[in-house]
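Quick note, the sequence shown lines up with residues 1 to 42 if you use the UniProt record's numbering. By construction, the Cβ of each residue, glycine as well, lies at the ideal position given by its N, Cα and C atoms.
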Amino acid sequence: MWSAIGWGADRLLGFQALFLPIGAVLGMAGAIYLIVTRTRHL
């Protein structure tokens with residue numbers, strides 16, 4: 001999801017690959033955060 005948003009921002013603003021990696025990192029960080037917070041209560 002976040003990678004697609006980054007890709008769209010790159011296309012819209014005319015960048016080659018600026019927001020795509022930022023979106024990918026944000027997506028991975030969000031996924032890790034959700035995994036950690038949800039498994040902490042087990």
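Whether residue i touches residue j by CB criterion (9 Å)
{"i": "Pro21", "j": "Gly6", "result": "yes"}
{"i": "Leu26", "j": "Trp2", "result": "yes"}
Alpha helix (DSSP H) segment containing residue i, residue limits
{"i": "Asp14", "result": "In the sequence on display, residue 14 carries Gly and not Asp. No alpha helix (DSSP H) contains Gly14, which DSSP labels as neither H nor E."}
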